[in-house]
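Accompanying notes for the structure given below.
Protein chains: 2
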Amino acid sequence: MEKSSIPLKGLDAYVRSVRREFEEKLAELVEIPTISMDPDRQPDIERGADLAVEYLKAIGAQAEKVQTSGNPVVFGQLIVDRRYPTVAIYNHLDVQPANEPEWVREPFTFFKHDDRYEGRGTTDDKGPALTALMAVRYAVDNGIPLNFKFFWEMEEEIGSPHFEQFMKKKRREVKTDSVLVSDTIWISRTKPAIPYGLRGLLGFTLTLETGKKDAHSGTTGGAARNPIGELCQLIAQCYDARTGRVKIPGFYRDVKRASAEEIQNYLASGFSVRRFMRAHEFKSLRFTDPARVLKSIMAEPTFEVHGIVGGYVGPGVKTVIPPRAEAKISTRLVPHQDPDKIFQLVRDFVRSKNPDVKVTHEATLRPYLGEFTGPYADAGRRAVTFAFGKEPAFTREGGSIGAIVTLEERLGVPIVFLGLSLPEHGYHAPNENYDWGQASGGMKMFVKYFSEIAQLNR
Amino acid sequence: MEKSSIPLKGLDAYVRSVRREFEEKLAELVEIPTISMDPDRQPDIERGADLAVEYLKAIGAQAEKVQTSGNPVVFGQLIVDRRYPTVAIYNHLDVQPANEPEWVREPFTFFKHDDRYEGRGTTDDKGPALTALMAVRYAVDNGIPLNFKFFWEMEEEIGSPHFEQFMKKKRREVKTDSVLVSDTIWISRTKPAIPYGLRGLLGFTLTLETGKKDAHSGTTGGAARNPIGELCQLIAQCYDARTGRVKIPGFYRDVKRASAEEIQNYLASGFSVRRFMRAHEFKSLRFTDPARVLKSIMAEPTFEVHGIVGGYVGPGVKTVIPPRAEAKISTRLVPHQDPDKIFQLVRDFVRSKNPDVKVTHEATLRPYLGEFTGPYADAGRRAVTFAFGKEPAFTREGGSIGAIVTLEERLGVPIVFLGLSLPEHGYHAPNENYDWGQASGGMKMFVKYFSEIAQLNR
Numbered sequence: 012m013e014k015s016s017i018p019l020k021g022l023d024a025y026v027r028s029v030r031r032e033f034e035e036k037l038a039e040l041v042e043i044p045t046i047s048m049d050p051d052r053q054p055d056i057e058r059g060a061d062l063a064v065e066y067l068k069a070i071g072a073q074a075e076k077v078q079t080s081g082n083p084v085v086f087g088q089l090i091v092d093r094r095y096p097t098v099a100i101y102n103h104l105d106v107q108p109a110n111e112p113e114w115v116r117e118p119f120t121f122f123k124h125d126d127r128y129e130g131r132g133t134t135d136d137k138g139p140a141l142t143a144l145m146a147v148r149y150a151v152d153n154g155i156p157l158n159f160k161f162f163w164e165m166e167e168e169i170g171s172p173h174f175e176q177f178m179k180k181k182r183r184e185v186k187t188d189s190v191l192v193s194d195t196i197w198i199s200r201t202k203p204a205i206p207y208g209l210r211g212l213l214g215f216t217l218t219l220e221t222g223k224k225d226a227h228s229g230t231t232g233g234a235a236r237n238p239i240g241e242l243c244q245l246i247a248q249c250y251d252a253r254t255g256r257v258k259i260p261g262f263y264r265d266v267k268r269a270s271a272e273e274i275q276n277y278l279a280s281g282f283s284v285r286r287f288m289r290a291h292e293f294k295s296l297r298f299t300d301p302a303r304v305l306k307s308i309m310a311e312p313t314f315e316v317h318g319i320v321g322g323y324v325g326p327g328v329k330t331v332i333p334p335r336a337e338a339k340i341s342t343r344l345v346p347h348q349d350p351d352k353i354f355q356l357v358r359d360f361v362r363s364k365n366p367d368v369k370v371t372h373e374a375t376l377r378p379y380l381g382e383f384t385g386p387y388a389d390a391g392r393r394a395v396t397f398a399f400g401k402e403p404a405f406t407r408e409g410g411s412i413g414a415i416v417t418l419e420e421r422l423g424v425p426i427v428f429l430g431l432s433l434p435e436h437g438y439h440a441p442n443e444n445y446d447w448g449q450a451s452g453g454m455k456m457f458v459k460y461f462s463e464i465a466q467l468n469r
Numbered sequence: 012m013e014k015s016s017i018p019l020k021g022l023d024a025y026v027r028s029v030r031r032e033f034e035e036k037l038a039e040l041v042e043i044p045t046i047s048m049d050p051d052r053q054p055d056i057e058r059g060a061d062l063a064v065e066y067l068k069a070i071g072a073q074a075e076k077v078q079t080s081g082n083p084v085v086f087g088q089l090i091v092d093r094r095y096p097t098v099a100i101y102n103h104l105d106v107q108p109a110n111e112p113e114w115v116r117e118p119f120t121f122f123k124h125d126d127r128y129e130g131r132g133t134t135d136d137k138g139p140a141l142t143a144l145m146a147v148r149y150a151v152d153n154g155i156p157l158n159f160k161f162f163w164e165m166e167e168e169i170g171s172p173h174f175e176q177f178m179k180k181k182r183r184e185v186k187t188d189s190v191l192v193s194d195t196i197w198i199s200r201t202k203p204a205i206p207y208g209l210r211g212l213l214g215f216t217l218t219l220e221t222g223k224k225d226a227h228s229g230t231t232g233g234a235a236r237n238p239i240g241e242l243c244q245l246i247a248q249c250y251d252a253r254t255g256r257v258k259i260p261g262f263y264r265d266v267k268r269a270s271a272e273e274i275q276n277y278l279a280s281g282f283s284v285r286r287f288m289r290a291h292e293f294k295s296l297r298f299t300d301p302a303r304v305l306k307s308i309m310a311e312p313t314f315e316v317h318g319i320v321g322g323y324v325g326p327g328v329k330t331v332i333p334p335r336a337e338a339k340i341s342t343r344l345v346p347h348q349d350p351d352k353i354f355q356l357v358r359d360f361v362r363s364k365n366p367d368v369k370v371t372h373e374a375t376l377r378p379y380l381g382e383f384t385g386p387y388a389d390a391g392r393r394a395v396t397f398a399f400g401k402e403p404a405f406t407r408e409g410g411s412i413g414a415i416v417t418l419e420e421r422l423g424v425p426i427v428f429l430g431l432s433l434p435e436h437g438y439h440a441p442n443e444n445y446d447w448g449q450a451s452g453g454m455k456m457f458v459k460y461f462s463e464i465a466q467l468n469r
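Chains as they are written, first to last, in our numbering: chain D, 12 to 469; chain F, 12 to 469.
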């Protein structure tokens with residue numbers, strides 16, 4: 012059996028031996044505040060990318076910063092033998108802002124406490140990126156017959172607006188037989204999860220202008236139109252906020268409904284409504300049944316109002332009628348909803364209900380659905396079981412990773428998500444952290460995965 | 012006929028002779044920024060009140076600043092003969108803020124251009140107050156058999172929260188046979204208007220808290236409640252924003268419907284939908300029929316959303332689900348709606364639709380309805396016709412003057428509104444102004460009115 016030839020015996024010792032190096036590299040990377048949302052952090056983005064290039068070169072890869080009209084993409088290639096199959100590893104090195112008052116320590120100072128590493132970016136996604144890097148070095152040094160490519164993005168947190176530009180620019184060099192993505196979250200520490208789908212996103216604003224200046228609600232109220240009131244009414248016509256059900260005709264037409272098997276997979280993820288509520292500090296939810304909750308966050312589209320601008324927001328009530336109001340809205344989309352088609356539905360619906368309301372497109376991310384069966388999913392399952400001693404649950408992520416749909420469309424190869432973040436890691440939240448348990452398990456998982464997929468594509 | 016004994020012959024000459032004094036006094040008063048909404052203007056409020064006391068003393072009145080827990084009320088008494096009937100004159104000397112970028116000149120520097128006087132407070136309500144003061148001096152000097160009292164408030168623009176305190180403190184001294192209010196607006200320059208009703212106000216907030224921190228709409232969207240969406244839905248259940256129709260059961264129960272005669276009176280005011288839209292810079296209105304528009308601003312209650320707090324209001328769309336949202340709402344109320352009863356209806360309705368939403372009371376002003384017939388209304392009609400050569404239209408004001416209901420309840424005497432502001436005066440707007448045409452006509456109107464009511468109550 013070929014697999015016996017894959018050298019996994021020294022792996023435990025290797026993982027123990029690189030701990031110090033891993034921590035030092037993670038510390039250095041975390042202390043560069045690569046906040047892609049903040050234009051003032053541009054020099055940090057470049058510094059972070061430069062450091063990443065260094066890390067890649069240190070393991071023998073060719074590496075460069077590929078410039079785009081936005082932030083660069085760090086692109087690495089470690090071609091051992093052109094006859095070997097290739098895996099491309101996707102991670103991102105930009106991070107969320109860290110303004111939350113709940114941070115106990117300075118978010119961009121790396122803090123190590125026993126097995127735990129604290130700081131913005133530790134779990135999303137610098138820690139998993141370095142975990143994979145360490146695994147690649149072991150795989151190469153120990154003769155696993157694979158070539159490696161690295162797509163380390165610096166714009167994931169702002170929707171990957173220039174990732175496609177990178178893919179086009181390097182269209183020949185990015186070719187690969189499969190993609191490994193490590194930027195997702197388990198549902199529970201006790202149960203590894205392999206997501207195979209992502210929701211998409213359509214963001215838009217609704218704007219209504221009924222006048223040019225504030226009006227006095229005494230002198231004009233009754234005859235004057237109220238743009239906030241009309242947007243509220245329109246939003247209530249678009250969806251039932253109590254249940255989340257979207258009322259725009261045709262909205263659900265292309266939704267691929269989750270099968271009974273999929274729902275069973277979600278339920279096997281270790282999900283608990285109580286823990287979910289505690290983690291996100293919700294007072295109540297729309298649903299209490301676990302299957303219903305999981306379906307609504309993994310396999311169903313949403314309609315969400317993020318804010319309403321215009322009008323008075325100071326203390327008390329100032330009885331003014333504003334001339335203009337804007338509602339900030341997004342819908343998360345699921346396979347096979349098409350954001351362009353949905354935008355058209357929204358625009359037509361708004362026109363039919365309140366033609367004075369302007370609909371402005373803000374953002375598009377297409378939904379993604381991969382496979383939870385087949386050789387690559389099987390390789391993932393075996394890798395997870397090998398490293399963490401438990402079969403993974405196959406789930407879907409409720410969020411969106413802009414680059415994934417681009418990868419799928421431009422490469423047309425299997426994409427496998429082997430994430431390492433845990434709910435308690437504070438993904439997108441204050442006091443973000445990562446831990447040695449996930450890093451060390453992750454290295455073993457990746458090495459095993461590489462050894463598995465090296466057997467395919469031959 | 013008794014009226015012939017009233018000396019109106021020298022009136023024209025008197026009015027001409029006081030023009031310079033009027034302008035100087037108005038300038039001095041306007042240049043004190045008595046903005047009651049701005050706590051930093053407290054010293055200006057006091058300075059303005061001190062100057063007003065001086066002005067009253069200069070015409071021979073007893074005058075004092077009556078302190079309350081808020082701003083003082085300037086109280087003057089000019090008792091000529093205890094056997095004469097008394098009229099109390101209500102004006103206010105506080106003003107709106109003047110932050111609008113559209114101001115062409117410094118709002119608190121008095122500017123005279125031919126017959127026009129510019130500056131915050133010129134028409135609302137310092138100009139009319141001084142107009143009445145000049146008329147009183149003439150009336151007293153020329154033997155019109157009346158006593159005069161002055162209620163010059165410094166909190167009208169913030170809803171008169173301490174006026175009742177003043178009325179209680181001076182309960183014996185404030186007694187009068189009638190009240191004259193000069194703080195209202197004609198509908199058109201070409202047609203004087205005497206309002207006989209005011210809308211009331213109930214201000215409240217709707218607050219919904221569904222969590223403790225921002226949630227990620229990818230990770231939690233679908234299961235997470237959206238407090239902005241739910242408030243929009245609740246608001247749409249409360250009223251139809253397109254028509255303004257309130258859907259809360261019982262809301263219209265106590266509304267005294269405007270009679271056909273009243274509607275005819277409103278239509279006689281010189282109102283034009285086109286001018287109304289231009290004055291307030293509206294792009295469109297709920298209604299286009301003049302009678303429908305007038306009814307909706309004068310004789311019908313409203314439901315108004317002034318602002319929604321919570322959520323993201325920066326550029327673009329940030330896909331966060333906020334933990335909390337607040338809607339700032341008021342209803343203008345008409346006779347005989349009771350604000351306390353309406354608040355109860357709102358609270359019960361909200362509880363039935365979304366029990367997690369908290370309703371917080373913010374402000375109450377009761378509606379007021381006087382008479383447009385009877386001896387005082389007749390005196391007003393004759394005074395207006397005498398001074399401006401045109402019969403007045405009897406209208407209702409859509410706004411609220413907090414002190415009026417207090418005056419009605421505590422004094423129980425007729426209240427007549429002889430306002431002098433014109434639509435083009437920029438009431439509550441940038442480039443506020445007043446003019447000598449209205450001031451000189453106003454002096455004659457008041458003198459004639461005093462001579463008329465001196466015949467009553469004997």
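All C-beta atoms, glycine included, are put in the ideal place defined by N, C-alpha and C.
If you measure beta-carbon to beta-carbon, which residues of the region 194-212 of chain D are closer than 8 Å to chain F?
-> 196, 210, 212
Contacting residues, own chain, Cβ-Cβ under 7 Å from residue 47 of chain D (five flanking each side not counted) | Counting from 1 along the first sequence, the entry for residue 47 of chain D is found at position 36. Cβ neighbours of residue 47 of chain D beyond the five flanking positions: 56, 82, 105, 165, 166, 168, 169.
Chain F contact residues for residue 323 of chain D, given Cβ-Cβ distances below 8 Å | For the purposes of this step, residue 323 of chain D is identified with residue 312 of the first sequence, where counting begins at 1. Neighbours of residue 323 of chain D across chain F, judged by C-beta separation under 8 Å: 317, 318, 339.
How big is the Cα-Cα spacing for residue 444 of chain F and residue 132 of chain F?
-> Locating residue 444 of chain F in the second sequence gives position 433, counting from the first residue. Locating residue 132 of chain F in the second sequence gives position 121, counting from the first residue. Going by the C-alpha atoms only, they are around 8 Å apart.
Assumed close pair residue 252 of chain D, residue 240 of chain F - CB separation to whole angstroms, cut-off 8 Å | Here residue 252 of chain D corresponds to residue number 241 of the first sequence, with the count starting at 1. Here residue 240 of chain F corresponds to residue number 229 of the second sequence, with the count starting at 1. Contact holds; Cβ gap of about 3 Å.
Please report the residue range of the alpha helix (DSSP H) in which residue 361 of chain F lies.
-> Residue numbering aside, residue 361 of chain F sits at position 350 when the second sequence is read from its first letter. 350-364 is the extent of the alpha helix (DSSP H) around residue 361 of chain F.
Residues near residue 73 of chain D by beta carbon distance below 6 Å, same chain, minus five either side | Taking the first sequence and counting its residues from 1, the one referred to as residue 73 of chain D is at position 62. Result list for residue 73 of chain D: 88, in chain order.
Could you work out which residue in D/216, D/331, D/226 is closest to residue 290 of chain F when comparing CA atoms only?
-> Counted from its first residue, the second sequence places residue 290 of chain F at position 279. Of D/216, D/331, D/226, the residue nearest in Cα terms is D/226.
Buried or exposed: residue 275 of chain D, going by 16 or more other Cβ atoms within 10 Å of its Cβ?
-> Counted from its first residue, the first sequence places residue 275 of chain D at position 264. Label assigned to residue 275 of chain D: exposed.
Could you check the C-alpha separation between residue 14 of chain D and residue 467 of chain D for me, to the nearest Å?
-> If you number the first sequence from 1, residue 14 of chain D lands on position 3. If you number the first sequence from 1, residue 467 of chain D lands on position 456. Note that residue 14 of chain D scores 47 on pLDDT, short of 50, meaning its location in the model is unreliable; the coordinates nonetheless yield the value given after this. Distance between the alpha carbons of residue 14 of chain D and residue 467 of chain D is about 11 Å.
Between the C-alpha atoms of residue 336 of chain F and residue 182 of chain F, what's the straight-line distance to the nearest angstrom?
-> For the purposes of this step, residue 336 of chain F is taken as the residue at position 325 of the second sequence. For the purposes of this step, residue 182 of chain F is taken as the residue at position 171 of the second sequence. Residue 336 of chain F and residue 182 of chain F: Cα-Cα distance of roughly 44 Å.
Could you round the C-beta distance between residue 402 of chain F and residue 392 of chain F to whole angstroms and report it? I think they count as a contact, below 8 Å.
-> Here residue 402 of chain F refers to the residue found at position 391 when the second sequence is read from its first residue. Here residue 392 of chain F refers to the residue found at position 381 when the second sequence is read from its first residue. That pair is a contact at about 7 Å.
CB residue 464 of chain D to CB residue 98 of chain D, shorter than 8 Å?
-> Looking up residue 464 of chain D in the first sequence gives position 453. Looking up residue 98 of chain D in the first sequence gives position 87. Their beta carbons are under 8 Å apart, which means residue 464 of chain D touches residue 98 of chain D by this criterion.
Exposed or buried, what is residue 31 of chain D when buried is set at 16 or more other beta-carbons lying within 10 Å of its beta-carbon?
-> For this step, residue 31 of chain D is matched to residue 20 along the first sequence. It counts as exposed.
Proximity winner among F/44, F/148, F/247, relative to residue 71 of chain F (alpha-carbon distances) | Taking the second sequence and counting its residues from 1, the one referred to as residue 71 of chain F is at position 60. The shortest C-alpha separation from residue 71 of chain F is found at F/148.
Does the region 209-222 of chain D touch the region 326-333 of chain F, meaning 3 or more C-beta pairs lie closer than 8 Å?
-> yes
Mind listing the chain F neighbours of residue 237 of chain D? Cutoff is C-beta to C-beta under 7 Å, in chain order.
-> Indexing the first sequence from 1 puts residue 237 of chain D at position 226. Chain F residues near residue 237 of chain D: 252, 315, 316.
In angstroms with no decimal places, state the Cα-to-Cα distance between residue 115 of chain D and residue 66 of chain D.
-> For the purposes of this step, residue 115 of chain D is taken as the residue at position 104 of the first sequence. For the purposes of this step, residue 66 of chain D is taken as the residue at position 55 of the first sequence. Spanning the alpha carbons of residue 115 of chain D and residue 66 of chain D requires a straight line of approximately 30 Å.
Take every Cβ of the region 417-424 of chain D, pair it with every Cβ of the region 118-126 of chain D, and state whether three or more of those distances are shorter than 8 Å.
-> no
For residue 411 of chain D, which of D/196, D/334, D/202 has the nearest alpha-carbon?
-> Looking up residue 411 of chain D in the first sequence gives position 400. Nearest C-alpha to residue 411 of chain D: D/196.
Using a Cβ cut-off of 8 Å (strictly closer), state whether residue 1 of chain F contacts chain D.
-> For chain F, the structure presents residues 12 to 469; residue 1 of chain F sits outside this window and is missing.
Local conformation of residue 147 of chain D per DSSP, three classes | As a first step, residue 147 of chain D must be located in the first sequence, where it is residue number 136. Residue 147 of chain D falls in the helix class under three-state DSSP.
Residue 191 of chain F vs residue 100 of chain F beta-carbon contact at 8 Å | Here residue 191 of chain F is taken as the residue at index 180 of the second sequence, counted from 1. Here residue 100 of chain F is taken as the residue at index 89 of the second sequence, counted from 1. Contact: yes.
Bridge partners - residue 335 of chain D, DSSP secondary structure assignment = Here the question's residue 335 of chain D lines up with position 324 in the first sequence. Beta-bridge pairing links residue 335 of chain D to D/220.
For the region 391-422 of chain D, which residues have a beta carbon sitting closer than 8 Å to at least one beta carbon of chain F?
-> 408, 409, 410, 411
May I ask you to verify whether the region 19-37 of chain D touches the region 455-463 of chain D, counting CB pairs closer than 8 Å and requiring at least 3?
-> yes
State whether the region 229-247 of chain D contacts the region 247-264 of chain F, with contact taken as three or more CB pairs (one from each stretch) at a distance under 8 Å.
-> yes
Do the CB positions of residue 354 of chain D and residue 259 of chain D come within less than 8 Å of each other?
-> Numbered from its first residue, the first sequence carries residue 354 of chain D at position 343. Numbered from its first residue, the first sequence carries residue 259 of chain D at position 248. Contact flag unset, no.
Alpha carbon to alpha carbon, what distance is there between residue 376 of chain F and residue 346 of chain F?
-> Start at 1 with the first residue of the second sequence, and residue 346 of chain F comes out as number 335. Start at 1 with the first residue of the second sequence, and residue 376 of chain F comes out as number 365. Spanning the alpha carbons of residue 346 of chain F and residue 376 of chain F requires a straight line of approximately 12 Å.
Where the region 372-387 of chain D meets chain F: residues whose CB sits under 8 Å from a CB there | 373, 374
Work out the CA separation of residue 141 of chain D and residue 27 of chain D for me, nearest whole Å.
-> Looking up residue 27 of chain D in the first sequence gives position 16. Looking up residue 141 of chain D in the first sequence gives position 130. C-alpha separation (whole angstroms): 15 Å.
May I have the straight-line CA-CA distance separating residue 306 of chain D from residue 317 of chain D, to the nearest angstrom?
-> One-based indexing of the first sequence puts residue 306 of chain D at position 295. One-based indexing of the first sequence puts residue 317 of chain D at position 306. Using only the alpha carbons, I get a separation of about 22 Å.
How is residue 155 of chain F classed by DSSP in three states: helix, strand or coil?
-> Here residue 155 of chain F is taken as the residue at index 144 of the second sequence, counted from 1. Correct three-state label for residue 155 of chain F: coil.
Separation of residue 171 of chain D from residue 185 of chain D, as counted between CA atoms = Translated into positions along the first sequence, residue 185 of chain D becomes position 174. Translated into positions along the first sequence, residue 171 of chain D becomes position 160. Rounded to the nearest angstrom, the two C-alpha atoms are 17 Å apart.
Determine, using beta carbons only, whether residue 14 of chain D comes closer than 8 Å to chain F.
-> As a working mapping, residue 14 of chain D is identified with position 3 in the first sequence. Confidence is the limiting factor: at residue 14 of chain D the pLDDT is only 47, short of 50, which leaves the residue's position unreliable and the question unanswerable from this model.
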